[in-house]
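> Here you go, one structure.
Numbering (the working numbering), first residue to last: 36 to 1100.
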């Protein structure tokens, strides 16, 4: 409520309390030599360098702008800046105006010269000496009477017909300069340009109010106000006809909403520009109101006033050229003459030579403004306006702390009395002298539960509001390079006010507020639930005063930070989006200060960093933390940065800057894992940080590699000795992750490395960790644990099961473990075969079949199947290759019935042929893979039958079987079945069969050869005898041999009868 009252007051009192127009005051005339209000310093020896180069008989004019004196003499221009000066070459036409504006951080400037026939624009370089880098001349149809830099890179030209045009200044790396009109395309400006062709007005003067962005252009007929419209076009928004001989216009100032017209006789007429709503419309329109003319006193007779100037406080200097007289005007209370009401003091100064210019100058090192009066040869004099406080300080020095002094303060009244006391402090009066004088101004009044602040406090509120209003005008101003020193100056001024007020109020306890009260405020009247006492009333008033002083300090800090931000990041205008007063009197200005400080730190400018470091004590704690961290970062000091952050972790959390600091350190020194280490430090003070730590670990698990996560977990596990609860939480986080996660192996290694023991594993992951830890100490127990995981009933991905059984097999594998591994590999093989086949035929599948396949594949990939279930499931997918899985299962069982094997072999061979293999290749591949390892003996019949069915001869079949790994003796024995007609459904010609057998018997050796040869010889002889008997009986049967068979049998018989040698026919 208090802050709202202060904000409301500041919004309602942005201008003088005098109303729309300043009041008509009683005038007092005093000669300059006898008027202490004006500090007059005559410059006896100041002359311009090389003044002889100027045109001695020409019309002189001198202007001051942005630290430079611009001396114009007809067609010559001298630029004097500090100890340097620069002459421009003479032009062909007279100079109408000149303007200089800083351009860039290195001090380079833009010089613009308005001439009768155009505009000259030059880019000035300061180092190593003042010189022109580039220049351009633009010819104009009208004379350029006035040049105003509106905002960075934008310039307004006021022509001889009182029209205005806006140009954009382009500089290429501060090496080239050019000028482009930026508003000719606006419709409004187009019509104004057309109308200007018939305009008979003539330019007289102009003034620019940078705070409101308004330009006042005075012609011989009217006064026109130019401003930015909603379309961002700079255009004339209103005008008013003038009466009388008006020679100059002074802009509205930072503290006064009215501009001022100056007449040739020294009369002044206030001008107010207002925004009003148009009738029956939501649109606003701009209107001008003229106040009553304020003439000079009757004793002051002037008729040729040509020069006029004013400062921010409204003090004015006029110059009459015919009488060579300066008229100095100020509103004051000349207490040195016992005048305590507010009067207009008019002071005259007769000059010994002609004045050619007057200017108001504000320097960074001088908090008050002063006037400069120029002559043809140099500066004639400097004039300062002394404040009420300075005059009161003078009385104190002369008279001491007397009753007369106290009476003077009383007659000034509370508001101006407080102004006098504070001003005296600025003038040099000691707080010991001034503090006692506050007594009668600082007593609050109260009645029951209502308290009204003291009149003197109202005066302090007014003074504070005045200073913050000045600051806000700069805060809202468009960017220009001179805005930076202006902001620095106003920041110093605000801090000085804070210092002086605190020094006045603190000694006598006016700021003592030990107890915070629950109050409501209406303006500056406080209401409480309890009756006020003198103690609680003073306490309440002190709360308000403390808030006022804090507002001064905060406003100064904000302006200072803004100036630093502009140094590091020129042209930024984010601050203009938020007005200064709502920030200062808002609920939490420290947040805005900290945010602005952090934005300023991002510029990484060396000068800015040094300034922040030097004055960081004026900043909120969170901003100080940010500065300290950035200093360590800019110095590449990771250890120092991390140590500072860890030492101040409680403050970082309290100030809500923990995340900011962690982010900056993480982005600069990621290898030090600062965010994680800061959280571990925070655990000392808050066990709740464990949750935040686990959330961080989860983010790392998702976003970082396994190695990076392992490093971070290593840091955490190193800290668990200090925090047992942390170990429990981290281990629980690990064991609750699925075993399928590829980071689990890294977790296991870390737990083993840090000797973390899990007593009762409740999850598969926990059992894995326990088994991993037992590898070296209890390998048998580790193998059993891994095997239990691999064949367990819980849902687990197949790769994880295979990984676990592989780990189990490393420790002296048992038959059961080998079988588990074998089955798991078959599950993987079957799943891949089903998926591959299903993808190929997905377009022709139905939903039921699709669901069945998905369920079966899921079972294969996430469960451990016993052999029976796997054999059954593989049989359902014979066409997809399931027969091979079945055969793999059968081959390890010696009791497998041959009939089952034959059926499976048949399905497998058919599958291979469907996949594109030839019968020969399919048979060869299966025999080679399974013959030797098939525990029950691999039947050869399915292979021979398949080959015979595909037209392969007995000799080729025998050769294929032998080359595929079947022993010759086994092939011989198998082919005897065909010779004896013991194979149903499959026959070979006796001749070719015997020939094949003879060739294979020849390959045998030893007793086997003899036995087989004898048996084969016997069978051949029996076949021949049966044939002879059949022929003798002239019986024709199916068993009768063909002629070729008989010949082959006879030849085989003769071969077998040869001793110890058998060669193929």
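We put the beta carbon where it would ideally sit given N, CA and C, even for glycine.
Just so we're clear, the structure is a prediction, and the values are computed from it rather than from any experiment.
(1) So does the region 416–435 actually touch the region 123–139, counting three or more Cβ pairs closer than 8 Å?
(2) Suppose contacts are defined by Cβ-Cβ distances below 8 Å. Is residue 955 in contact with residue 987 by that definition?
(3) Cα separation between residue 23 and residue 389?
(4) Using three-state DSSP, classify residue 1045 as helix, strand or coil.
(5) For a test of the three-state rule: what should DSSP assign to residue 823, helix, strand or coil?
(6) Since residue 762 and residue 755 are thought to touch, with beta carbons under 8 Å apart, how far apart are those beta carbons, to the nearest angstrom?
(7) Short of 7 Å in beta carbon distance, which residues of its chain neighbour residue 764, apart from the five on each side in sequence? Order them along the chain.
(8) So, using beta-carbon positions, are residue 803 and residue 766 closer together than 8 Å?
(9) What residue range does the alpha helix (DSSP H) around residue 557 cover?
(10) Ordered along the chain, which non-local residues of its own chain (more than five positions away) have a Cβ less than 6 Å from that of residue 857?
(11) Starting from residue 250 and walking both ways along the alpha helix (DSSP H), at which residues does that stretch end?
(12) Looking only at its own chain, which residues have a Cβ that is under 8 Å from the Cβ of residue 686, when we skip the five neighbours before and after it?
(13) Can the beta-carbon of residue 575 be found less than 8 Å from the beta-carbon of residue 41?
(14) Measuring only the C-alpha atoms, how far is residue 628 from residue 595?
(15) Could you tell me which whole alpha helix (DSSP H) segments of length 4 or greater appear in the region 510–587?
(16) With which residues is residue 481 paired in a DSSP beta bridge?
(17) Do the region 672–684 and the region 627–644 meet, that is, are 3 or more Cβ pairs less than 8 Å apart?
(18) The alpha helix (DSSP H) that contains residue 807, what's its start and end?
(19) Can you confirm whether the region 506–520 touches the region 553–569 when touching is taken to mean that 3 or more C-beta pairs between the two stretches lie within less than 8 Å?
(20) So residue 241 and residue 193 are supposed to be a Cβ contact under 8 Å. How far apart are they, rounded?
(21) Return helix, strand or coil for residue 417, following the three-state DSSP convention.
(22) If we call anything under 8 Å between Cβ atoms a contact, is residue 579 one with residue 537?
(23) Between residue 253 and residue 57, what straight-line distance do the alpha-carbon atoms span, to the nearest angstrom?
(24) Below 8 Å on the Cβ atoms is my guess for residue 405 versus residue 419; work out the distance and round it to an integer in Å.
(25) Kindly indicate which three-state DSSP category residue 463 falls into: helix, strand or coil?
(26) With three or more C-beta pairs closer than 8 Å as the rule, is the region 522–529 touching the region 490–505?
(27) Short of 6 Å in beta carbon distance, which residues of its chain neighbour residue 940, apart from the five on each side in sequence? Order them along the chain.
(28) I need the boundaries of the alpha helix (DSSP H) containing residue 630, first residue and last residue.
(29) Between which two residues does the beta strand (DSSP E) harbouring residue 616 extend?
(30) What is the C-beta distance between residue 768 and residue 718, in whole angstroms, given that I count them as a contact (C-beta under 8 Å)?
(31) Give the straight-line distance between the Cα atoms of residue 285 and residue 305, rounded to the nearest whole angstrom.
(32) Can the beta-carbon of residue 602 be found closer than 8 Å to that of residue 653?
(33) May I ask you to report which of helix, strand or coil DSSP gives residue 899?
(34) Would you check if the distance between the CB atom of residue 260 and the CB atom of residue 323 is smaller than 8 Å?
(35) Quick check on DSSP: helix, strand or coil for residue 110?
(36) So who's on the other strand from residue 134, going by DSSP bridges?
With the given structure in hand:
(1) No, the region 416–435 is not in contact with the region 123–139.
(2) For the purposes of this step, residue 955 is taken as the residue at position 920 of the chain shown. For the purposes of this step, residue 987 is taken as the residue at position 952 of the chain shown. Result yes, Cβ atoms of residue 955 and residue 987 sit closer than 8 Å.
(3) An answer regarding residue 23 cannot be provided, because it is not within the stretch 36 to 1100 covered by the chain.
(4) Mapped onto the chain shown, residue 1045 falls at position 1010. Judged by DSSP in its simplified three-state form, residue 1045 adopts helix.
(5) Numbered from 1 along the chain shown, position 788 holds the residue referred to as residue 823. Helix.
(6) Here residue 762 refers to the residue found at position 727 of the chain shown. Here residue 755 refers to the residue found at position 720 of the chain shown. Correct: roughly 4 Å between the Cβ atoms.
(7) Along the chain shown, one-based indexing puts residue 764 at 729. Excluding residues within five positions, the ones whose Cβ falls inside 7 Å are 725, 729.
(8) Within the chain shown, residue 803 is the residue found at index 768, counting from 1. Within the chain shown, residue 766 is the residue found at index 731, counting from 1. No, the pair does not count as a contact, with Cβ atoms beyond the cut-off.
(9) Counting from 1 along the chain shown, the entry for residue 557 is found at position 522. Run containing residue 557: none in the alpha helix (DSSP H); it sits in the beta strand (DSSP E), 554–557.
(10) Locating residue 857 in the chain shown gives position 822, counting from the first residue. Within the same chain, residue 857 has no close Cβ partners at all.
(11) Here residue 250 corresponds to residue number 215 of the chain shown, with the count starting at 1. Element bounds for residue 250: not the alpha helix (DSSP H) but the beta strand (DSSP E), 249–254.
(12) As a first step, residue 686 is located in the chain shown; it is residue number 651 there, counting from the start. For residue 686, where only same-chain residues beyond five positions count, the Cβ hits under 8 Å are 656, 660.
(13) By one-based count along the chain shown, residue 575 stands at place 540. By one-based count along the chain shown, residue 41 stands at place 6. Their beta carbons are not under 8 Å apart, which means residue 575 does not touch residue 41 by this criterion.
(14) If you number the chain shown from 1, residue 628 lands on position 593. If you number the chain shown from 1, residue 595 lands on position 560. Their backbone Cα atoms lie some 10 Å apart in a straight line.
(15) 518–540
(16) For this step, residue 481 is matched to residue 446 along the chain shown. DSSP, once it has assigned bridges, lists 486 as partnering residue 481.
(17) no
(18) On the chain shown, position 772 is the one that residue 807 refers to. Taken as a continuous stretch (DSSP letters only), the alpha helix (DSSP H) holding residue 807 covers 799–812.
(19) no
(20) Stepping through the chain shown from its first residue, residue 241 is reached at position 206. Stepping through the chain shown from its first residue, residue 193 is reached at position 158. Correct: roughly 5 Å between the Cβ atoms.
(21) Position 382 of the chain shown, counting from 1, holds the residue named residue 417. Here residue 417 sits in strand by DSSP.
(22) By one-based count along the chain shown, residue 579 stands at place 544. By one-based count along the chain shown, residue 537 stands at place 502. Against a cut-off of 8 Å, the Cβ pair of residue 537 and residue 579 comes out as no contact.
(23) In the chain shown, residue 253 corresponds to position 218, counting from 1. In the chain shown, residue 57 corresponds to position 22, counting from 1. For residue 253 and residue 57, the distance between alpha carbons rounds to 21 Å.
(24) Taking the first residue of the chain shown as position 1, residue 405 is located at position 370. Taking the first residue of the chain shown as position 1, residue 419 is located at position 384. Going by Cβ atoms, the distance from residue 405 to residue 419 rounds to 4 Å, so yes, they are a contact pair.
(25) In the chain shown, counting from the first residue as 1, residue 463 sits at position 428. Coil.
(26) yes
(27) The residue labelled residue 940 in the question sits at position 905 within the chain shown. Within the same chain, residue 940 has close Cβ partners 977.
(28) Your numbering for residue 630 matches position 595 in the chain shown. Segment 624–636, the alpha helix (DSSP H) holding residue 630.
(29) Taking the first residue of the chain shown as position 1, residue 616 is located at position 581. Looking at the DSSP string, residue 616 is not in any beta strand (DSSP E); the run it does join, the alpha helix (DSSP H), is 615–619.
(30) Walking along the chain shown from the start, residue 768 turns up at place 733. Walking along the chain shown from the start, residue 718 turns up at place 683. Their Cβ separation, rounded to whole angstroms, is 15 Å, which puts residue 768 and residue 718 out of contact at 8 Å.
(31) As a position in the chain shown, residue 285 is number 250, starting the count at 1. As a position in the chain shown, residue 305 is number 270, starting the count at 1. For residue 285 and residue 305, the distance between alpha carbons rounds to 9 Å.
(32) Sequence index remark: in the chain shown, residue 602 carries index 567 (1-based). Sequence index remark: in the chain shown, residue 653 carries index 618 (1-based). Contact flag unset, no.
(33) Walking along the chain shown from the start, residue 899 turns up at place 864. Note: residue 899 maps to coil in three-state DSSP.
(34) For the purposes of this step, residue 260 is taken as the residue at position 225 of the chain shown. For the purposes of this step, residue 323 is taken as the residue at position 288 of the chain shown. Pairing residue 260 with residue 323 gives a Cβ-Cβ distance under 8 Å.
(35) What you label residue 110 is simply residue 75 of the chain shown in a count that begins at 1. DSSP places residue 110 in coil when its eight states are reduced to three.
(36) Counting from 1 along the chain shown, the entry for residue 134 is found at position 99. Paired residue(s): 147.
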